[in-house]
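First residue of the sequence shown: 6, per my numbering; consecutive thereafter.
Glycine is no exception: its CB is placed at the ideal position from the N, C-alpha and C atoms.
Because the structure is a prediction, the values reported are computed rather than measured.
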Amino acid sequence: MAQKVVTIMTDDLTGAESDEVSTHRFSLNGVEYEIDLTPENYDQLDAALRPFIEHGRKTGRRKGAAAARRASKGESSAEEIRTWARNNGYDVSDRGRVRREIREAFEAAH
C-alpha cells in the first residue's frame with residue numbers, strides 16, 4: 006500500500022495557505038515565540054519591530070551559537086566538562102557555570 010502525505014503550510018496570522026510560508030522566531034520579555042508567515046506578513050512583522058530593534062541592545066546569541074564558537078576553537082562544552090568531573094569525583098551542578106577549578110582540572114587532564 007502506498008501512502009501520500011500532504012503538508013499544507015498556512016500563515017498563522019491570516020490562515021492563508023501558501024508554499025512560501027516559513028517559520029520565524031522572536032522573543033519578548035524572556036518568552037520565545039515561533040510563527041509561520043508568508044513573506045508579506047513577515048515583512049509586516051519586520052517593519053513593526055524594526056524601530057525597536059534598531060534602538061535596542063543585543064544581549065545574547067541564539068542557542069547553539071556559543072557551542073559553534075567553542076567547537077571552532079576546539080573548546081569543550083560545559084556538559085563534557087561536567088561528565089568528566091563527575092567521573093573523576095568532583096561535585097558539580099547540573100546547571101550554571103562550571104567552577105574555575107573544575108575547568109582547570111579538566112584542561113590539565115586533557
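**Study point:** Limits of the unbroken alpha helix (DSSP H) element including residue 38
**Key:** Per DSSP, residue 38 lies in no alpha helix (DSSP H); the unbroken beta strand (DSSP E) holding it starts and ends at 36-42.
Check your understanding: Since residue 28 is in the beta strand (DSSP E), which residue starts that stretch and which ends it?
Key -> 27-33
Practice item. Would you decide whether residue 33 is buried or exposed? Buried here means 16 or more other CB atoms lie within 10 Å of its CB. Key: exposed
Check your understanding: With 16 as the cutoff for other CB atoms within 10 Å, does residue 86 come out buried or exposed?
Key -> buried
Check your understanding: Skipping 5 residues on each side, what residues in its chain have a beta carbon closer than 7 Å to that of residue 18?
Key -> 42, 46
Review point. Distance, Cα to Cα, residue 106 vs residue 97?
Key: 11 Å
Check your understanding: Can residue 22 and residue 44 be called in contact, C-beta distance under 8 Å?
Key -> no
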